[in-house]
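Beneath this line is the structure, given in structure tokens, with notes to follow.
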């Protein structure tokens with residue numbers, strides 16, 4: 001990932017499962033600083049809805065592994081594309097619903 005594509009003030013998106021609602025959601029984060037390997041942002045955390053600062057590493061951008069969400073509740077993904085964020089959120093919802101159906105059946 002070429003960090004020159006990122007600008008201070010740009011919006012990026014974090015996607016993950018909220019702990020309270022147990023549903024996936026998209027949260028916007030504003031870029032505060034652009035480094036050589038990561039960006040530093042401010043926004044609401046998807047898990048707890050706390051206003052916080054986050055570091056997003058370029059090497060993890062758009063890295064969504066559905067298997068990780070099946071095995072761990074706190075999997076997140078970040079992207080600079082709103083449409084991709086919505087797709088990740090939709091896929092996470094499918095997985096959460098699948099896990100809930102397994103719990104009901106078992």
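Numbering (UniProt numbering), first residue to last: 1 to 106. Glycine included, C-beta positions come from ideal geometry on N, C-alpha and C. Fair warning: this is a prediction, and the values are worked out from it, not measured in the lab.
Straight-line gap, residue i to residue j (C-alpha atoms, nearest Å)
i: residue 40; j: residue 55; result: 5 Å
i: residue 67; j: residue 15; result: 15 Å
i: residue 44; j: residue 28; result: 7 Å
i: residue 86; j: residue 49; result: 18 Å
i: residue 64; j: residue 22; result: 18 Å
DSSP three-state assignment for residue i, whether helix, strand or coil
i: residue 30; result: strand
i: residue 8; result: coil
C-beta atoms of residue i and residue j nearer than 7 Å
i: residue 13; j: residue 79; result: yes
i: residue 107; j: residue 26; result: Because the chain is modelled from 1 through 106, residue 107 falls outside the range shown and cannot be assessed.
i: residue 70; j: residue 24; result: no
i: residue 47; j: residue 19; result: yes
Supposed close pair residue i, residue j - CB separation, criterion 8 Å
i: residue 37; j: residue 58; result: 6 Å
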